[in-house]
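In my numbering, the protein residues as written are -2 to 85.
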Ligand code: HEC
């Protein structure tokens, strides 16, 4: 995805959609598995649900490289903000 949006590879909407569908499926699976009830478990679950929603809006924009690129930077921010807290 980085190569298509930031690097020099040409943008392939079908390939981008395929990658995003993988993110959507994985984040939904992870959110569903987060059944803990403490504050941290609920926070991680909410983050994966937000990420999944942001992936859906990127999928809706996949026909346009420019719109998709803007939504993809939101996804990168979601990766980063969760990792900053939980993936050390
Ligand atoms: C809601 C939280 C959350 C989001 C969103 C998230 N991650 Fe993670 N990620 C984690 C956690 C927690 C770990 C550490 C897992 C572990 O140590 O077992 C991790 C680990 C990773 C790893 C390392 C895997 C490994 O085996 O070392 C990669 C690569 C990664 N994430 C990529 C991404 C990318 C790319 C995105 C965004 C597209 C993303 N993550 C979004 C929580 C998140």
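Ideal Cβ positions, reconstructed from N, Cα and C, are used throughout, including at glycine.
Taking 7 Å as the cut-off, is the C-beta of residue i nearer than that to any heavy atom in the ligand HEC?
{"i": "residue 41", "result": "yes"}
{"i": "residue 63", "result": "no"}
{"i": "residue 9", "result": "no"}
Using alpha carbons as the reference points, say which of the options lies closest to residue i.
{"i": "residue 72", "options": "85, 5 and 45", "result": "45"}
{"i": "residue 74", "options": "52, 60, 85 and 57", "result": "52"}
{"i": "residue 54", "options": "2, 0, 6 and 20", "result": "20"}
Assuming residue i contacts residue j (C-beta within less than 8 Å), just tell me the rounded distance between them.
{"i": "residue 25", "j": "residue 49", "result": "5 Å"}
{"i": "residue 22", "j": "residue -2", "result": "So it is not a contact: roughly 16 Å between Cβ atoms."}
{"i": "residue 6", "j": "residue 0", "result": "4 Å"}
Tell me whether residue i, by its Cβ, gets closer than 7 Å to a heavy atom of the ligand ATP.
{"i": "residue 7", "result": "Among the ligands in the structure shown, the ligand ATP does not appear; only the ligand HEC can be found there."}
- Item | Exercise answer, beta-carbon shell around the ligand HEC heavy atoms below 5 Å | After applying the 5 Å Cβ criterion, the set is 44, 45, 48, 75, 76, 79, 83 and 84.
- Mind the definition here: the segment 51 to 68 touches the segment 28 to 43 only if three or more C-beta pairs lie below 8 Å; say whether that holds. No, they do not touch.
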